[in-house]
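J.: I'd like to ask you about the structure that follows.
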Amino acid sequence: MTLNAIHWRHHGVGLLLAALQLSMLVATNDQVGIPRDESFYFYAADRAGDWVLGLFDGEVESFSREQVDRGFKYNHEHPVLMKMLFGVSHHVLHDRLELLDSNMLAYRFPTMLLAALAVWLTFLLGRMVAGTAAGVVAGLALTFMPRVFFHAHLACFDAPVTFMWLLVCYTFLRATRSRRWAIASGVAVGLGLATKLNIFFVPFALLGVAALDTWAYKRRTGAWKAPEGERGPLTYYTWVAASMLVLGLGVFLAHWPWLWFDTVPRLKAYYAFHARHEHYPVDYLGTLYFAPPFPVHFPFVFTLFSVPVATLALGAVGFVEVVRRFVRQLRDPSDPDRRGAEAMLLVNALVPPLVIALPFTPIFGGTKHWMPAMPFLSVMAGVAAVRMGRGLWRAAAPARQAALGAGVAVAMLLPAAWATLAYGPHGPAYYNTVAGGPPGAAAMRMPRNFWGYSTIAVLPFLDEAVEKNGLVFWHNATAGSVRAYQRDGLLRKDIRYSGDWTVPSSDWGVYHDQREKLPEETDLWRAYGTDWPVDGYFLDGVQLIGVYHRPAPPALPTIPPGGR
Amino acid sequence: MSRAGFTNPWLLLPLVGLAAGIALAVQRARVPARADWQAAAEALRADLQPGDGVTWTPYWAGEARLVLHDLPAFHLPDPAEADLARYDRVWLMGAFGVDADDLPADQVASVDRRTFGRVTLDRVQVAGEKVYADLRADLEAVRVSRVRGAKTEACDFWDGIGWHCTVRRSPDDTRRCLATPIAQQLRRDPRPGRRLIEPNPWARHCGLDAWINVSRDVRVIGEAPRRCVWYHPRAGETVRLEWPVDAPKAERLVVDYGFTDPVTVARNTPSKVQPATLTARRGDAALGARVIEAAPGWHRWTAPLTGAGPVVLELTTTDHRDAHLCIDATLRGPR
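Chains as they are written, first to last, in our numbering: chain A, 1 to 564; chain B, 565 to 899.
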């Protein structure tokens, strides 16, 4: 049995699932706040977008160093594909065509679109490996992951790079028997590198798959190369490798005008920034880590706690099933296509968390850094659904077994769907029932906030309560994010931003619960003379953000006896 | 599905899904509503007496904090490490299965429990030792001075929360500044971007030194907020506190202390904190001395209380870089 073919109707199903994801993302956009980095990317996006639009303006010398620096100097530690898309989307969909009212949504739309396309690709991969029913379960499993759902909103790079990772793997899988797809895989690597650095690891992961597949071919045929007139894995993988090297690097260098000048020093700076990345402190199982080595189990335990239980259970069973099939294929290599696909699934489900698990990897701290594994886990959930159908309805026809298995799996995913809508806008605070939900995670001292995003939950209160021209200390939320809320009418325009580290200069203050930031909450208590917030946002009773208010202008201090 | 299907191991998978769904529902059912906390707070307010303390548990159930305004509330990060000696009775609002049963048994004489929705309200009669004098509470009455050789400088400007040695403006001007609304203390940055700035760091504190003072404070030490007295040492000087006490039943001096976490916990740069020495005496009686190591954590020093008159605490160091020390000194005895 070879991999299942993809026909137009399958694209239709995949795109329906993608449309479901996209509509959910768009509908919940104004519930998802702006983390620090996203506010920087809004700013960078406008510059990158202006540069792109300048290409169509005859009076702008877009390729001059001055224009390139203007467009790309800011935030040059990340490549610019997504920033260009965010900026163009904002300019075209919001400013020019006025199709979208919300500035935030206009910046974020490219991410949402790619996140939806990731669901489509996940469906296709599931379909190829285990049939349409598996594909549907895979697509839904990915859609109903609260943390993925959260990141799929943001004008950041994590959801896009998850799509790109998947795209590289999908094109790779197709390229194992097609020269045209080899070209596509090279372009996909280039687009991935143009999205975020993570893609650097994919070719190495796929090299392992290629080596295994080629070795299995040699074991089966006794030769590395195919007979004259035929093409074996070595030929196809050579094309893929050449394409990834040439087209991948070519697309990467071509997309980033910043690298067109002072190429070597700027490439070095790009590399150095990520090689010596600062560590973000993370509270993990009761220990606040400031520097590596981080516990090797971190990404695995975190996945165990933060992926819905049904998806985990199906994914785990699917993983075992895929391993079993892969081993069987190694012993009896009757279907080389399937062996490559299964190896690819296994490798890509493991490599993203393994990279984070390495003891020398800088501490980044969030599940988003191994999010590219999630589509593969979802495909395994789909595999498990079909296998479960076969196990439960042994006498039924295969198609009916798959459909019934998928039906049960979809029913199992209903709590995940509910959790995605209920917790998704606060995805970084979502924990599954293994962890005991957000309260259980708080009791274990797991982190629950993410760099200022949760501000959005208290904007209605602040809008109502803050006096005219009131000074607010926004803690982790940046001036850019506050301005973005104001531009979209989510916050009154007269409310002011007091600045970073300016608790004493404010009358209102917010505190985003992040363990390493606790001293900043006590700064508020000290400055305002009260430890008790006047409002906040609480997920299952656990504080994500508190709002503090200086009770009144301080009275003239009385002079104690002996004082002056 | 055949009858044999009921023993089919593949049934486990949907059962796991079902169990997860039920667990989710059970989990949600344990979450208190804000009204539950409010009802508990209202109930205890009606029965509050002098000497009572109010707190909540678990610490991360932050919604409880909204109802603590105007109550003698205190933080309880870990019930097992509670120190209730300041109070005669403690009102403990609990949720998620945490309540007075999690307090140290030797500090609990009796518990009277009521329930408000998903919140329990425990009235705890406190047992064990009692605090008879509290440096933080008594701070207005404390005399603070800096001694360098034969020269003694009185730190006698009270800003409402602590004593300051250095006052850059006249005391009256400083007091007026402290009572001025924040927005009026700031000037606008002329550059675009609407940022507000102060002319210089001194202006932010109305000419008072933000570091060199002895003030009521709350600092994160040993990974938890600690209510304490900010007590910053100075190299080459002795920072002296003269604490008048009237506590005939007190038998021992208890000092909880620590340098703040941001200066002691190794982050990207090594800590610069150096040890300091704290000595205590009362009249002619030396109560003892303690070297405060430059290490993270909230530590306790206990000394028998002898002598008569004010308790004098003196702090010295050889290097005061990042010496963000905070102490909580009490005199304790049997209840």
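Note that the Cβ used here is the ideal one computed from N, Cα and C, for glycine as well.
Does B/L877 come within less than 8 Å of chain A when only Cβ atoms are used?
T.: No, because no Cβ of chain A sits closer than 8 Å to the Cβ of B/L877.
J.: Out of A/L3, A/A403, A/A159, A/L99, which one is the CA nearest neighbour of A/T176?
T.: The candidate whose alpha carbon is nearest that of A/T176 is A/L3.
J.: Measuring alpha carbon to alpha carbon, tell me which of B/A747, B/G786, B/P735, B/G726 ends up nearest B/W775.
T.: For the residues B/A747, B/G786, B/P735, B/G726, the minimum Cα distance to B/W775 belongs to B/G726.
J.: Just curious, the alpha helix (DSSP H) that A/F201 is in, first and last residue?
T.: First-last of the alpha helix (DSSP H) with A/F201: 201-221.
J.: Closest to B/A555 by C-alpha separation, out of B/A811, B/A830, B/L877, B/T866, would be which residue?
T.: Because residue 555 of chain B is not part of the residues shown, which for chain B are 565 to 899, the question remains open.
J.: Mind pulling the chain A residues with CB within less than 9 Å of B/H796?
T.: The contacting residues do not exist; B/H796 stays about 14 Å from chain A at best.
J.: Thinking just about the alpha-carbon of each residue, which of A/A152, A/L212, A/R231, A/L249 is nearest to the one in A/V187?
T.: For A/V187, the nearest C-alpha among the options comes from A/L249.
J.: Using a C-beta cutoff of 8 Å, does B/G658 count as contacting chain A?
T.: So, not an interface residue.
J.: Taking the alpha carbon of B/C770 as the point to measure from, which residue in B/V784, B/W794, B/T744, B/D781 has its own alpha carbon closest?
T.: Of B/V784, B/W794, B/T744, B/D781, the residue nearest in Cα terms is B/T744.
J.: For the region 656-665 of chain B against the region 469-481 of chain A, are there 3 or more C-beta pairs whose distance is under 8 Å?
T.: No, they do not touch.
J.: Can you give the Cα-Cα distance for A/F86 and A/R483, rounded to whole angstroms?
T.: When rounded, the distance between both Cα atoms is 17 Å.
J.: For A/M1, would you say it is in contact with chain B, using Cβ-to-Cβ distances shorter than 8 Å as the test?
T.: Residue confidence for A/M1 is low, a pLDDT of 48 falling below 50, so the modelled location carries little weight and cannot support an answer.
J.: Quick check: what's the CA-CA separation for A/R550 versus B/I746?
T.: One C-alpha to the other measures close to 10 Å.
J.: Would you identify the three-state DSSP class for A/P79, choosing helix, strand or coil?
T.: The answer is coil: DSSP assigns A/P79 none of H, G, I, E or B.
J.: For A/P281, count neighbouring C-beta atoms within 10 Å of its own C-beta (all shown protein chains included) and say buried if the count is 16 or more, exposed if not.
T.: Counting Cβ neighbours within 10 Å, A/P281 comes out buried, since at least 16 surround it.
J.: Please report how far the alpha carbon of A/P110 lies from the alpha carbon of A/N29, in whole angstroms.
T.: Approximately 13 Å between the Cα atoms of the pair.
J.: Answer yes or no: does any C-beta atom of chain A fall closer than 8 Å to that of B/P643?
T.: It does not: the Cβ of B/P643 has no partner Cβ on chain A nearer than 8 Å.
J.: Can you list the residues of chain B that A/T522 reaches, using a CB-CB cut of under 7 Å?
T.: Going along chain B in sequence order, the residues near A/T522 (Cβ under 7 Å) are V782, R783, V784, P789.
J.: Identify every run of the beta strand (DSSP E) within the region 52-115 of chain A, keeping only runs that are complete inside it and at least 3 residues long; order them along the chain.
T.: Counting only runs of 3 or more, we get nothing.
J.: In terms of alpha-carbon separation, which member of A/S243, A/G229, A/A138 lies closest to A/T573?
T.: This structure gives no information on residue 573 of chain A, because the portion of chain A shown stretches from 1 to 564.
J.: Please say whether A/L167 and A/L121 have beta carbons closer to each other than 8 Å?
T.: Yes.
J.: Relative to the C-alpha of A/F204, which candidate in A/V189, A/A194, A/A216 has its C-alpha closest?
T.: Comparing Cα-Cα distances from A/F204 to each of A/V189, A/A194, A/A216, the minimum goes to A/V189.
J.: What residue does the beta strand (DSSP E) around A/G546 start on, and which one ends it?
T.: Run containing A/G546: 542-549, per the beta strand (DSSP E) assignment.
J.: Using the Cβ count rule (16 or more neighbours within 10 Å means buried), how would you classify A/R325?
T.: Label assigned to A/R325: buried.
J.: Measure from the C-beta of B/P874 to each C-beta in chain A and report whether the shortest distance is under 8 Å.
T.: Not an interface residue.
J.: Grab the span of the alpha helix (DSSP H) containing B/D825 for me, first residue to last.
T.: Unbroken alpha helix (DSSP H) run through B/D825: 825-828.
J.: Apply the 10 Å Cβ neighbour rule to B/H884 and answer buried if 16 or more other Cβ atoms are within range, or exposed otherwise.
T.: B/H884 should be labelled buried.
J.: What are the start and end residues of each continuous alpha helix (DSSP H) run of 4 or more residues lying completely inside the region 353-405 of chain A, in chain order?
T.: Runs found: 374-392.
J.: Name, please, each residue of chain A whose Cβ falls closer than 7 Å to the Cβ of B/R739.
T.: The answer, in chain order, is L556, P557.
J.: Where DSSP assigns a beta bridge to B/P863, which residues make up the other side?
T.: Note that residue 863 of chain B is His in the sequence shown, not Pro. B/Y821.
J.: Could you please tell me which residues of the region 353-369 of chain A, in chain order, have their CB closer than 7 Å to any CB of chain C?
T.: Among the protein chains in the structure shown, which are A and B, there is no chain C.
J.: Indicate, with yes or no, if the ligand GTP has a heavy atom lying under 7 Å from the CB of A/T478.
T.: This structure simply doesn't include the ligand GTP, nor any ligand for that matter.
J.: Give the DSSP-derived three-state secondary structure of B/N572 in the structure shown.
T.: Residue state, collapsed to three classes: coil.
J.: For B/W710, which residues in the same chain have their Cβ closer than 8 Å to its Cβ, ignoring the five residues on either side in sequence?
T.: Residue identity differs from the one stated: residue 710 of chain B is Arg in this sequence, not Trp. T716, E717, C719, C729, R798, E801, T802, V803, R804.
J.: Count the C-beta pairs between the region 404-414 of chain A and the region 425-433 of chain A that are closer than 8 Å, then say yes if the count reaches three, no if not.
T.: The region 404-414 of chain A vs the region 425-433 of chain A: no contact.
J.: Would you kindly work out how many angstroms separate the C-alpha atoms of B/W862 and B/V819, rounded to a whole number?
T.: Answer to the nearest angstrom: the Cα atoms are 10 Å apart.
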